[in-house]
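Chains as they are written, first to last, in this note's numbering: chain A, 109 to 453; chain B, 109 to 453.
We put the beta carbon where it would ideally sit given N, CA and C, even for glycine.
Since this is a predicted model, take the numbers as computed values, not measurements.
Laid out in structure tokens, this is it:
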């Protein structure tokens with residue numbers, strides 16, 4: 109493998125002093141990029157995910173066109189349910205549908221948990237191809253959904269405003285819920301280890317729906333599984349945990365084996381630093397909607413954000429995925445503002 | 109007017125020592141109650157809202173059937189856009205649709221801001237009728253949507269996951285956004301004052317979408333208008349502000365003229381007390397999905413919640429509206445657990 113020419117994000121995750129913060133954007137590969145939209149018109153979602161050449165092309169687009177400091181694998185968190193034998197349907201422009209939801213012990217027993225790497229071979233092939241094409245330009249981020257978020261989709265069968273069906277399952281059948289969460293966790297650990305073996309330089313775990321949980325319930329159904337993943341992976345590669353909306357867990361997460369924690373925009377950098385005792389790398393937390401502001405405003409806000417987080421132990425990012433209606437030059441302005449920061453400071 | 113036989117919530121909002129916390133549930137009048145569902149089959153939504161006899165009947169159902177310590181007017185936050193001349197459509201089981209969205213100065217200029225009381229006369233008639241029928245049994249809560257939340261609906265025309273259209277309006281045309289927010293605020297103040305004059309014993313302001321804002325943006329587009337309403341109303345009746353998800357604003361809100369602050373379940377009672385210096389009455393914060401737990405669990409969790417908030421300066425409630433699929437006996441168990449608390453303590 110080629111040596112990395114830009115290892116800023118890895119040095120940041122090790123807590124080293126850096127010249128400026130690294131920058132990337134969640135969902136940077138996709139929907140707002142005209143070249144992606146052209147591919148979307150030709151190939152359906154799972155063809156794009158399952159064809160290494162397409163996944164590679166899409167992964168590289170923001171590296172070459174927007175100038176981010178890290179690539180993130182183009183894939184989907186729902187490949188895990190697929191690998192476990194669950195059907196996932198995805199219509200363009202609509203959320204995912206899992207027609208056969210998990211509702212009892214039989215359903216859980218029927219889930220497949222072995223041969224994860226074989227079943228998701230196309231992901232490892234994509235990673236190898238991406239690493240070759242990147243040729244050391246920037247690191248590659250692998251990823252997976254967190255167990256609680258995957259649990260939500262398995263039980264609800266689709267997105268939801270309150271995920272009360274998933275919560276009801278967890279509240280009324282706690283033992284069974286833990287069996288399912290543990291199965292997802294085991295598969296996810298195997299999957300992420302395979303990603304690292306294939307070439308991913310770091311991994312991020314997305315708990316998109318953890319913010320729907322009370323702090324007490326987060327400690328029961330989300331945190332233990334996030335920590336298991338982090339503990340299992342941390343000797344393979346740096347791990348970033350992103351339990352969106354779960355700001356309340358920052359003190360606990362800062363003491364975990366994770367190298368970084370993602371935060372959304374509903375907490376000030378100051379408070380996030382205070383709650384983590386400035387002991388861990390934080391990633392975020394620009395409001396994705398703020399990328400719809402005029403470019404001048406974006407640049408001003410980014411500078412302010414870095415001022416508040418500080419240059420070290422900080423990865424500049426959005427607080428959630430980039431919105432489809434963001435003009436590309438606004439995304440570029442976000443990245444440029446971070447890269448220009450060192451001059452100002 | 110009859111003297112109140114149960115003024116527990118009013119004493120609590122004044123900060124007095126009480127025998128036990130008062131209890132009610134957001135959205136307590138409606139969707140989970142079989143008698144409400146029967147009415148829904150006969151009359152469409154706006155008929156139910158605009159017919160004082162129906163609004164009265166629905167408002168009283170949870171008082172008589174679930175035993176809450178306060179009634180809340182059956183109505184909708186979108187009567188304000190209607191009073192301002194904006195069409196609101198509501199199909200059963202789907203979110204509201206405002207076909208003519210606000211997108212420029214002309215649209216804002218065209219909004220009606222006078223004769224609010226006349227245009228919403230049916231609300232005041234309903235309040236008078238409810239007060240008569242309650243005959244002092246429990247206090248009546250009036251309410252309105254907060255300016256930012258109404259702004260979201262006026263600009264988006266419907267619900268949204270990220271409200272990025274509303275945010276884009278606020279970020280790219282801040283002066284115009286403030287003109288619109290001020291118009292909504294003025295109308296809302298007039299409306300809430302009319303509710304109090306008609307008989308509402310206290311009022312609550314629902315900022316359902318404030319939690320989508322960063323702390324900095326909350327301070328620009330949400331907080332000033334919440335405070336204006338609270339300042340204008342606080343000499344008429346106690347005001348509860350409920351900016352859902354905006355836990356970060358607790359220190360500022362605790363210093364406001366409001367008598368109480370609503371919080372959702374994503375913050376521990378301990379931290380909420382700490383952030384408000386125990387200086388203001390807090391309302392909440394049971395996860396509505398937790399009402400799907402077994403009754404025994406509900407009762408245990410409610411006791412724990414009161415233990416953590418303390419008996420005084422506390423209104424037991426959910427952290428958001430009750431879900432349609434909650435069994436009535438679970439709602440009753442929630443209320444009973446609060447009422448039984450004094451025995452335990």
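Where residue i meets chain B, residues with beta-carbon distance less than 9 Å
i: residue 276 of chain A; result: 397, 400, 401, 433
i: residue 323 of chain A; result: 373, 374, 375, 376, 379
i: residue 405 of chain A; result: 279, 280
CB contact flag (residue i, residue j, <9 Å)
i: residue 426 of chain B; j: residue 133 of chain B; result: yes
i: residue 232 of chain B; j: residue 223 of chain B; result: no
i: residue 250 of chain A; j: residue 206 of chain A; result: no
i: residue 153 of chain A; j: residue 198 of chain A; result: yes
i: residue 234 of chain A; j: residue 163 of chain A; result: yes
i: residue 118 of chain B; j: residue 309 of chain B; result: yes
i: residue 351 of chain B; j: residue 357 of chain B; result: yes
i: residue 261 of chain A; j: residue 159 of chain A; result: no
i: residue 390 of chain B; j: residue 431 of chain B; result: no
i: residue 318 of chain B; j: residue 366 of chain B; result: no
i: residue 439 of chain B; j: residue 130 of chain B; result: no
i: residue 384 of chain A; j: residue 362 of chain A; result: yes
i: residue 443 of chain B; j: residue 128 of chain B; result: no
i: residue 246 of chain B; j: residue 179 of chain B; result: yes
i: residue 354 of chain A; j: residue 373 of chain B; result: no
Nearest-angstrom Cα separation, counted from residue j out to residue i
i: residue 348 of chain B; j: residue 418 of chain B; result: 18 Å
i: residue 455 of chain A; j: residue 368 of chain A; result: The structure shown does not extend to residue 455 of chain A, since chain A is modelled only from 109 to 453, so the question has no answer here.
i: residue 453 of chain A; j: residue 112 of chain A; result: With a pLDDT of 47 at residue 453 of chain A, under the threshold of 50, the modelled position of this residue cannot be trusted; read the value that follows with caution. For residue 453 of chain A and residue 112 of chain A, the distance between alpha carbons rounds to 26 Å.
i: residue 291 of chain B; j: residue 328 of chain B; result: 16 Å
i: residue 407 of chain A; j: residue 238 of chain B; result: 54 Å
i: residue 252 of chain B; j: residue 395 of chain A; result: 27 Å
i: residue 303 of chain B; j: residue 393 of chain A; result: 41 Å
i: residue 451 of chain A; j: residue 193 of chain A; result: Note that residue 451 of chain A scores a pLDDT of 49, beneath 50, so its modelled location is shaky; the value from the coordinates is reported in the next line. Going by the C-alpha atoms only, they are around 52 Å apart.
i: residue 167 of chain A; j: residue 140 of chain A; result: 13 Å
i: residue 288 of chain B; j: residue 191 of chain B; result: 14 Å
i: residue 436 of chain A; j: residue 316 of chain A; result: 25 Å
i: residue 305 of chain A; j: residue 404 of chain B; result: 48 Å
i: residue 398 of chain A; j: residue 277 of chain A; result: 36 Å
i: residue 301 of chain A; j: residue 360 of chain B; result: 46 Å
i: residue 420 of chain A; j: residue 269 of chain A; result: 36 Å
i: residue 120 of chain A; j: residue 375 of chain A; result: 21 Å
i: residue 258 of chain A; j: residue 294 of chain A; result: 13 Å
i: residue 208 of chain A; j: residue 267 of chain A; result: 14 Å
i: residue 175 of chain A; j: residue 137 of chain A; result: 12 Å
Minimum Cβ-Cβ distance from residue i to chain B less than 9 Å
i: residue 259 of chain A; result: no
i: residue 280 of chain A; result: yes
i: residue 126 of chain A; result: no
i: residue 211 of chain A; result: no
i: residue 361 of chain A; result: no
i: residue 140 of chain A; result: no
i: residue 428 of chain A; result: yes
Residue i: contacting residues in chain B (beta-carbon distance under 7 Å)
i: residue 382 of chain A; result: Simply none; closest approach about 12 Å.
i: residue 319 of chain A; result: 374
CB contact check: residue i to chain A, cutoff 9 Å
i: residue 350 of chain B; result: no
i: residue 272 of chain B; result: yes
Under 8 Å by beta carbon: chain A residues contacting residue i
i: residue 353 of chain B; result: 374
Residue i: contacting residues in chain A (beta-carbon distance under 7 Å)
i: residue 315 of chain B; result: The premise fails here: residue 315 of chain B is roughly 14 Å from chain A at the closest Cβ pair, so nothing lies under 7 Å.
Cross-chain neighbours of residue i in chain A, by beta carbon under 9 Å
i: residue 356 of chain B; result: 355, 374, 375, 376, 379
For residue i: DSSP bridge partner residues
i: residue 315 of chain A; result: A/351
i: residue 179 of chain A; result: A/248
i: residue 423 of chain A; result: A/391
i: residue 253 of chain A; result: A/314
i: residue 370 of chain A; result: A/391
i: residue 205 of chain A; result: A/197
Contact test: residue i Cβ vs the ligand NAD heavy atom, cutoff 8 Å
i: residue 122 of chain B; result: Here there are no bound small molecules, and the ligand NAD is not part of this structure.
Within-9 Å CB hit, residue i to chain E
i: residue 302 of chain B; result: Looking at the structure shown, chain E is missing, and the protein chains on hand are A and B.
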